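Peer 1: This is the structure I have questions about; it appears just below.
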Amino acid sequence: VAGASPVESKPAPPKPSEDPFSGAEKRLHLRMSLKVPIRYRVLNPKNPIPSGIENTAESVDVSAGGLSLKTPAKLKAGDLLNIKFQISPLYPPVECMVRVCRSFYSSGINFKAGVIFLALSAKERSDIDKFIRQNISHP
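Oh and the sequence shown: position 102 is 207 in the numbering used here, straight run, nothing missing.
Here it is as C-alpha cells:
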C-alpha cells in the first residue's frame, strides 16, 4: 500500500534453556559453584519438626537465596527440608528450612535438586552473599 510505513521486525526473544537449573534471568542473588557437605532431614508437611533419617548431600552451587545439591535420595518439588551446611570455616554453620523447587535424576545414583531458603536469618543471608562476593571468579 502506497504511503504505508514499513513494518518493523523485532528479533525473537531468546528461548529458555533446557537446563532446569538455568534461569539466571530470574535470580536475585549472585550464585557460585561450591561443593560442601550438607546434612538434611525431610520434614513432615503437617508438622514441620525435623524427623526421620538424617541424609547427606553435596552442594553444587549456592546463592543467598538458595542452593542446588546432589543426593542419592529422590526429593520431590515441594518437599520441606531442614538443612545444615557450612560455606567456609570462616563462617558459622547454617541450619535452616528450605523448600525443594525442582528435582531430577542427574547421573549415576544421584539426583539434583534446587532449594530455596525459607527461614534464613538476615545475618546468615548476608554472610553467604559476602562470601560469594569475595570468592566468585569474574570473567
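For every residue, glycine included, the Cβ atom is placed at its ideal position computed from N, Cα and C.
Quick caveat: nothing in here was measured; it's all calculated off a predicted structure.
Taking its Cβ as the centre, do 16 or more other Cβ atoms sit within 10 Å of G183, making it buried, or is it exposed?
Peer 2: As a position in the sequence shown, residue 183 is number 78, starting the count at 1. Around the beta carbon of G183, fewer than 16 other beta carbons lie within 10 angstroms, which makes this residue exposed.
Peer 1: Would you list, in sequence order, the uninterrupted beta strand (DSSP E) runs of no fewer than 3 residues that lie entirely inside the segment 181-244?
Peer 2: 185-190, 199-212, 215-222
Peer 1: Is DSSP giving F126 helix, strand or coil here?
Peer 2: Stepping through the sequence shown from its first residue, residue 126 is reached at position 21. Here the model assigns F126 a pLDDT of 43, short of 50, so the residue's position is not dependable, and the following value carries that caveat. F126: coil per DSSP, three-state reduction.
Peer 1: To the nearest angstrom, report how far apart I143 and S242 are at their CA atoms.
Peer 2: Taking the first residue of the sequence shown as position 1, residue 143 is located at position 38. Taking the first residue of the sequence shown as position 1, residue 242 is located at position 137. So the two alpha carbons sit approximately 23 Å from each other.
Peer 1: How many whole angstroms separate the CB atoms of L139 and I192, which I take to be in contact at a CB cut-off of 8 Å?
Peer 2: Numbered from 1 along the sequence shown, position 34 holds the residue referred to as residue 139. Numbered from 1 along the sequence shown, position 87 holds the residue referred to as residue 192. Contact flag correct, Cβ pair sits at about 7 Å.
Peer 1: Quick check on K140: does DSSP put it in helix, strand or coil?
Peer 2: Against the sequence shown, residue 140 aligns to sequence position 35. K140 falls in the coil class under three-state DSSP.
Peer 1: Give the single residue among V147, V165, D166, E163 whose Cα lies nearest to the Cα of A157.
Peer 2: Within the sequence shown, residue 157 is the residue found at index 52, counting from 1. Sequence inspection shows Gly at residue 157; the Ala mentioned does not correspond to that position. Closest option to G157, Cα to Cα, is V147.
Peer 1: Can you check whether the C-beta of P197 is within less than 8 Å of a C-beta belonging to chain D?
Peer 2: The structure shown contains no chain D, having only a single protein chain.
Peer 1: So for S114, helix, strand or coil by DSSP?
Peer 2: Residue mapping note: residue 114 aligns to position 9 of the sequence shown, counting from 1. Residue confidence is low: S114 scores 38 on pLDDT, short of 50, so the model does not pin down where it sits. No coordinate-derived value is stated.
Peer 1: Could you tell me the distance, in whole angstroms, from the CA atom of Y145 to the CA atom of K175?
Peer 2: Locating residue 145 in the sequence shown gives position 40, counting from the first residue. Locating residue 175 in the sequence shown gives position 70, counting from the first residue. Approximately 12 Å, taken between the alpha carbons.
Peer 1: Which residues in the same chain as L223 place their Cβ atom closer than 8 Å to its Cβ, once the five residues preceding and following it in sequence are excluded?
Peer 2: As a first step, residue 223 is located in the sequence shown; it is residue number 118 there, counting from the start. L185, C201, M202, V203, R204, listed in sequence order.
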